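In terms of the numbering used here, the sequence shown is residues 233 to 476.
Even for Gly, the Cβ is constructed at its ideal location relative to N, Cα and C.
Small disclaimer: the values here were computed from a predicted structure and weren't measured.
Below: one structure, written as structure tokens.
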Amino acid sequence: MRTDNYPLASNPAEIKRPGIQAESLAEETAIMLGHIGVKAGDACLDLGCGAGGITDLLAARVGPGGRVIGMDVDEFSLTAARTWAEGLALDNVDFVCGSIFDNDLPFSTVAPFRPDHEIYKKVAPFVMANSTKVGTLDMLLNAGVFHNEMTKQSLGRMMPVLGSSANTSLTGSKYRLEDIDQPVLDAGDILVDGGLSKYHNDEGKSSTIIDFESFKTIRIGVCYDKLCEIFLKFKIDLLANGMA
Ligand SMILES: C[S@@+](CC[C@H](N)C(=O)[O-])C[C@H]1O[C@@H](n2cnc3c(N)ncnc32)[C@H](O)[C@@H]1O
């Protein structure tokens with residue numbers, strides 16, 4: 233996390249160092265990108281791209297039909313990155329200045345996943361079949377400290393937490409433990425009362441869901457207007473793309 237005491241300097245020498253490092257590690261980086269599964273036509277976000285680093289390798293991998301966005305909090309590094317990308321004629325690359333901690337908003341992504349990934353090995357086929365659709369799954373991101381801790385433990389144990397909202401079908405979102413329908417409460421072994429949800433609202437909105445292949449909106453939920461603004465920074469116009 234970049235803070236005021238971030239250890240890497242923002243100066244010409246520091247701009248050169250990761251470049252040299254990236255060049256010497258290009259072979260290993262290619263293997264890593266292969267493992268991740270980056271392929272032609274993909275859209276990639278290179279968070280903390282610095283002055284370029286591996287952005288060129290990503291750009292070559294996704295090819296002319298793909299897109300890479302390099303994002304960094306340091307404008308000095310990004311100026312160097314833009315000049316570097318122009319020199320290499322990387323026309324499938326854009327750079328955005330910002331910190332990954334700028335907005336801190338929750339939302340859900342629907343995107344393809346790798347069913348062969350180790351994390352799904354312990355999940356019963358029935359649960360997998362009911363938690364996924366046409367090779368995609370919905371993943372809630374950044375939904376607060378409790379959710380973040382669950383995510384950390386889930387990764388540590390290689391066991392995903394698959395589930396639904398705490399409501400019976402078509403009875404609407406619940407923002408407090410005491411409002412949850414009795415059958416759902418009765419089904420729980422442990423009830424955690426975190427108080428009134430930070431995102432409670434009178435319209436009964438739940439999380440916003442975005443399809444990360446088409447960038448169409450699947451559900452307009454909380455923080456939608458702000459999310460539209462942020463996506464525009466990355467040249468993704470959610471309003472123009474419409475509903476999935
Ligand atoms: C070690 S450099 C890596 C550069 C490049 N990815 C590479 O492979 O050579 C880490 C970069 O992350 C950026 N960074 C650190 N904290 C950040 C944050 N919160 N949001 C965005 N960028 C951040 C720094 O400015 C720095 O350029």
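Counting along the chain, where does the beta strand (DSSP E) carrying R451 start and finish?
449-451
Grouping DSSP H, G and I as helix and E and B as strand, with all else coil, what is R293?
helix
What three-state label does DSSP hand V393 in the structure shown?
coil
Are at least three pairs of beta-carbons, each pair with one atom in the segment 347-363 and one in the segment 382-396, less than 8 Å apart?
Contact annotation: the segment 347-363 touches the segment 382-396, with at least three C-beta pairs closer than 8 Å.
Looking at the secondary structure, which residues open and close the beta strand (DSSP E) in which F327 lies?
325-329
Opposing strand residues paired with R299 [DSSP bridges]:
A275
Nearest-angstrom Cα distance between M233 and S242?
Only weak support is given to the placement of M233: the predicted model assigns it a pLDDT of 48, under 50, and the value that follows is read from those uncertain coordinates. Near 15 Å, if we compare the C-alpha coordinates of S242 and M233.
Proximity of S340 and D306 at Cβ, strictly below 8 Å:
no
Could you name the residues that DSSP lists as bridge partners for P415?
Partner(s): none; P415 has no beta bridge.
By a C-beta neighbour count over all protein chains shown, 10 Å radius and 16 as the cutoff for buried, is V454 buried or exposed?
When all chains shown are included, V454 counts as buried.
Terminal residues of the alpha helix (DSSP H) in which S363 lies:
Where S363 is concerned, the enclosing alpha helix (DSSP H) stretches over 357-363.
Let me know the secondary structure DSSP gives M233 once reduced to three states.
Annotation note: pLDDT 48 at M233 (below 50); position unreliable, coordinate value reported separately. Here M233 carries a coil assignment [DSSP, helix/strand/coil].
For V466 versus I332, is the C-beta distance shorter than 8 Å?
The question names Val, yet the displayed sequence has Phe at residue 466. Result no, Cβ atoms of F466 and I332 do not sit closer than 8 Å.
First through last residue of the alpha helix (DSSP H) which encompasses F339:
First-last for F339: 339-344, but that is the beta strand (DSSP E), not the alpha helix (DSSP H).
D323 classed as buried or exposed, judged by whether at least 16 other C-beta atoms fall within 10 angstroms
exposed
Distance, Cα to Cα, A254 vs L320?
Cα to Cα, A254 sits roughly 15 Å from L320.
At a threshold of 7 Å, does G280 count as lining ligand 1 (C-beta to nearest heavy atom)?
yes
Looking at ligand 1, does it come within less than 7 Å of G285, judged from the CB to the closest heavy atom?
For ligand 1, at least one heavy atom lies less than 7 Å from the Cβ of G285.
Examine the Cβ distances between the segment 421-430 and the segment 395-410 and report whether three or more of them are shorter than 8 Å.
yes
With 16 as the cutoff for other CB atoms within 10 Å, does M390 come out buried or exposed?
exposed
Check whether the Cβ of M303 lies closer than 7 Å to any heavy atom of ligand 1, and answer yes or no.
yes
So, with DSSP's three-state summary, where would you put V377?
helix
Pull up the CB-CB distance for G298 and A258, whole angstroms please, since I reckon it's below 8 Å.
In fact, because the Cβ distance is near 19 Å, the residues do not count as touching under 8 Å.
Would the beta-carbon of I450 fall within 8 Å of that of I462?
The Cβ-Cβ distance between I450 and I462 does not fall below 8 Å.
Are any of the Cβ atoms in chain C nearer than 8 Å to that of E318?
No chain C appears in the structure shown, which is made up of a single protein chain.
Please go through the same chain and pick out, in chain order, the residues whose beta-carbon is closer than 7 Å to the beta-carbon of P250, but skip the five residues on each side of it.
G282, A283, G285
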